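Undergrad: Residue numbers (our numbering), protein chains in the order written: chain L, 1 to 384; chain X, 1001 to 1276. Right, I'll just put the structure down here and ask away after.
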Amino acid sequence: MTSIDLDNVSKVYDPNGEAIEAVSDLDISIQDGEFLVFVGPSGCGKTTTLRAIAGLESITDGSIVFGGEDVTDARPRERGVAMVFQDYALYPHMTVRENIGFGLRLSSGLSEQEIERRVEETTEMLGIEDLLDDQPGELSGGQQQRVALGRAIVRDPSVFLLDEPLSNLDAKLRTDMRKEILRLQQELEVTAIYVTHDQTEAMAMGDRVAIMNHGRLQQIGPPEAVYLDPANKFVAGFLGSPSMNFLEASVESTDGTTTLEADGEFRHELPAGSVASSATEYDRVVVGIRPEDLEIVETGGVPVEVTVVEAMGDENVVYVDLGSTELTARIDSTVRLSRGDRIRIDFDSDDLYLFDPDTEAALETKTAQLTAYREPRQADATNP
Amino acid sequence: MATASDSKSLPVRFALYITLLVIIAITFIPLYWMVVAATLPQEEFFTLPPRLLPGTHFLENLQALEARFPYLRSVWNSVFVATVYTVISLFLCALAGFAFAKYEFKYREPLFYFILATLVLPVQIMIIPMYLLMAQFGLLDTHIALILPFLANPVGIFLMRQSMLSIPDSLLDAARIDGASEFQIFYRIALPAMKPMLAALAVILFISQWNAFLYPLVILESEELFTIPLAIERLTGHQRIYFDQIMVAATIAIIPMIVLFLWLQEHFVRGFTNSM
């Protein structure tokens, strides 16, 4: 177990004399035993950050500190990290036993008997003790993933790094392995850093979630906090499935009332309160509303036309046109709609998010609804 | 499961097989005749109709060959030179291929293309400079002079590089995390993953050294250092050509090659189909 501090970490690639900033001024403190998830779209710098923490990538600027010790220039083997890769990266010419024991044989100085004992203990923990003498090519994706996890945990690492480890698995197996990884991390009480582009995975697994885009940290916090109180439009749009709806609206303030007007027949009067007060300083704002906060109403609201209905079983995802803007709504599966239906949708003013149209910074979120931030599990463990 | 050959019509397949049989015959008949001739006394070589079945004169021919020239010594020389060359060259080509495929360094691409460009130089152009170089090193008339100049084989480097490109970087990173040094990564991860290509390249390198004639002819003077091609050339006398002995020598010369190929054939085919 160890804490990790990334201090102003930057990474610039300069392949053909043309500098590309993969990670920019990253400043994060990761607590002992914490499960931190880096999430973001492809090319956002999350994997580069993970590789820099592993020591597989040098950094251009800043420093990386493990438990108070500067490891910026240390080689991977000197950092006590273990890593699970997206493609598992099992050595194809070695058996499961040899794969798992390889790191111990190379650098632990343990006796052959002790190595064997640890390998067997690890495979039992993962339920793969019957596969010890198989080659990776003979294993299914899920089994390979377990072997990769085994290879990582057998060395008793102080930091556990996972680079999109579930992206090659099918949906069912992914959910199972998600639980398995969380169970292992909690049992071993190891600091874990997990990289994914899947926001559902990020929200489900992380004590905290760090959202990155274009090499910059957009926001870091517990899943509920970043979801309900996003720092900017990017975070708001990235988290949540389907994504948050956005529309540009003009702000009119007359006689103490504030009204938002947008494309189509969107016209919404804000009640006096926090949302209104943050909008009054602007001529235009970007309005955000999550699909689950839109509801179908008989009267009032805004008239829209249904374009696509996706039946998900437990709910329907409905795409509607509001003027030239497409909105998405999650509604009850018992409400039957079809393409071309004209319906009215409404929302609660408290559910609105407002963003600065230029900087895209959040002006109004659901901070008030954030009642309890989840504490890192480490804190739970110490308070039985 | 339908394969490409299943989809061909019967006449097309028939024509294909006939063509293949003709090609096999063209390749096989001279070899077969060589083996038959090695077992015949020289008088029976040019009888009509020609003898098609092996005779019983192989050992007599071999004894006559040994009496005239220490041929088995040449076989040993060839095995020694080709084996040492193949093992060292394989290692060096794999090392260079690994560096070109998996490490970023300045002038990597130009250097690689420069090495490839040396392929267009025919060996005849290099013989005189190489002879002078070996003379300066005092290596004339030694086996080292046959091995040393060709160790960094451009074909080998090219093939190993192409093959090494297929190793996922994550495999090497996993080994780095596991605590392996860069050489351990090469030796314990990359090299074992390259077995098919190494086998294919081993056959290529071994054959090239086994069959080398012109350069050894220039470098070697002492008969006891001769390799098989030089020994066979020596059997062609001024007055008389000893066909029976030449055929025995040639038959013995192909045995190690056949053994090598049979041993490595599975990898050989896989090596080429994977890397090309």
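Here a beta-carbon is modelled for each residue, glycine too, at the ideal position from N, C-alpha and C. Just so you know, these numbers come straight off a predicted model, no measurement behind them.
#1: When the Cα of His93(L) is compared with those of Ala1199(X), Pro1192(X) and Thr1236(X), which residue comes out closest?
#2: Which of helix, strand or coil does DSSP assign to Val287(L)?
#3: Can you give the beta carbon distance from Val1123(X) to Tyr1215(X), rounded, assuming they're within the 8 Å contact cut?
#4: Within the 8 Å Cβ cut-off, does Ser1170(X) reach chain L?
#5: Check whether the Cβ of Pro1054(X) lies closer than 8 Å to any Cβ atom in chain L.
#6: Bridge partners of Glu124(L), per DSSP?
#7: Mind listing the chain L neighbours of Ala1180(X)? Cutoff is C-beta to C-beta under 9 Å, in chain order.
#8: Would you grab the beta carbon distance between Glu1223(X) and Pro1070(X) for me? Rounded to a whole angstrom, and I think it's under 8 Å.
#9: At what residues does the beta strand (DSSP E) containing Lys11(L) begin and finish?
#10: My output table needs one value for Gln31(L): the three-state DSSP class, helix, strand or coil.
#11: Quick check on Gln219(L): does DSSP put it in helix, strand or coil?
#12: Using a Cβ-Cβ cut-off of less than 9 Å, list which residues of the region 1184-1209 of chain X approach chain L; keep chain order.
#13: Suppose the cutoff is 6 Å on Cβ atoms and the five residues either side in sequence are ignored; what does the same chain contact list for Gly1271(X) look like?
#14: In whole angstroms, what is the alpha-carbon distance linking Glu1266(X) and Ile20(L)?
#15: Opposite Glu326(L) in the DSSP bridges: which residues?
#16: Can you pull the chain X residues whose beta carbon is under 9 Å from the beta carbon of Asp87(L), in chain order?
#17: Which residue or residues does DSSP assign as beta-bridge partners of Asp61(L)?
#18: Kindly indicate which three-state DSSP category Ala1002(X) falls into: helix, strand or coil?
#19: Considering only residues of the same chain and omitting the five flanking positions on each side of Gly313(L), which have a CB-CB separation below 6 Å?
#20: Quick test of your reading: Lys233(L) and Gly288(L), contact by CB under 8 Å. State the CB separation rounded to the nearest angstrom.
#21: Using a Cβ-Cβ cut-off of less than 8 Å, list which residues of the region 1087-1112 of chain X approach chain L; keep chain order.
#22: Looking at the structure shown, is Glu1266(X) part of a helix, part of a strand, or coil, going by DSSP?
#23: Taking the alpha-carbon positions, what's the Glu1060(X) to Val1248(X) distance?
#24: Determine the direct distance from the alpha carbon of Arg1188(X) to that of Asp176(L), and round the result to whole angstroms.
#25: What residue range is occupied by the uninterrupted beta strand (DSSP E) comprising Ile211(L)?
#26: Which chain L residues sit within Cβ distance under 9 Å of Ala1135(X)?
#27: Whether or not the region 1107-1124 of chain X and the region 1075-1088 of chain X are in contact is what I'm after, with contact meaning three or more pairs of Cβ atoms, one per stretch, closer than 8 Å; do they touch?
#28: For Phe238(L), tell me which candidate among Asp358(L), Ala22(L), Phe38(L) and Asp14(L) has the shortest Cα-Cα distance.
#29: What number of angstroms, rounded off, separates the C-alpha of Ala22(L) from the C-alpha of Met1160(X)?
#30: With a threshold of 7 Å on Cβ separation, who are the neighbours of Pro76(L) within its own chain once the five nearest residues in sequence on each side are excluded?
#31: Are the beta-carbon atoms belonging to Leu337(L) and Ile345(L) less than 8 Å from one another?
#32: Counting only the same chain and skipping the five closest in sequence on each side, list residues whose C-beta sits under 6 Å from that of Tyr1242(X).
#33: Is there contact between the region 149-156 of chain L and the region 112-126 of chain L, where contact requires at least three CB pairs shorter than 8 Å?
#34: In angstroms, rounded to a whole number, what distance separates the CA positions of Ile1254(X) and Ala1037(X)?
#35: To the nearest angstrom, report how far apart Leu327(L) and Thr307(L) are at their CA atoms.
#36: Taking the continuous beta strand (DSSP E) assigned at Phe246(L), which residues delimit it?
TA: Reading from the atomic positions:
#1: Nearest in C-alpha terms to His93(L), of all of Ala1199(X), Pro1192(X) and Thr1236(X), is Pro1192(X).
#2: Correct three-state label for Val287(L): strand.
#3: Indeed they touch by this definition, with Cβ atoms about 6 Å apart.
#4: yes
#5: no
#6: Paired residue(s): none; Glu124(L) is not in a bridge.
#7: Arg77, Phe102, Gly103, Leu106 and Ser107
#8: At roughly 7 Å, the Cβ-Cβ gap stays under 8 Å, so Glu1223(X) and Pro1070(X) are in contact.
#9: Ile4 to Tyr13
#10: coil
#11: strand
#12: Gln1184, Arg1188, Ile1189, Pro1192, Ala1193 and Lys1195
#13: Pro1196, Met1197, Ala1199 and Ala1200
#14: Spanning the two alpha carbons is a distance of roughly 46 Å.
#15: Glu326(L) pairs with Asp321(L).
#16: Pro1168, Ser1170 and Leu1171
#17: Ser10(L)
#18: The predicted model places Ala1002(X) with a pLDDT of 47, which falls under 50 and marks its position as unreliable; any figure quoted below should be read in that light. Correct three-state label for Ala1002(X): coil.
#19: none
#20: That belief holds up - the Cβ atoms of Lys233(L) and Gly288(L) are roughly 7 Å apart, short of 8 Å.
#21: none
#22: helix
#23: 10 Å
#24: 33 Å
#25: Arg208 to Asn213
#26: In chain order: nothing, as chain L lies at least about 45 Å away.
#27: Not touching, per the Cβ criterion.
#28: With distances taken between Cα atoms, Phe238(L) lies closest to Phe38(L).
#29: 32 Å
#30: Excluding positions up to five away in sequence, the list reads Ala54, Gly55 and Leu56.
#31: no
#32: Leu1235
#33: yes
#34: Computed Cα separation, rounded: 14 Å.
#35: 10 Å
#36: That run of the beta strand (DSSP E) goes Asn245 to Thr254.
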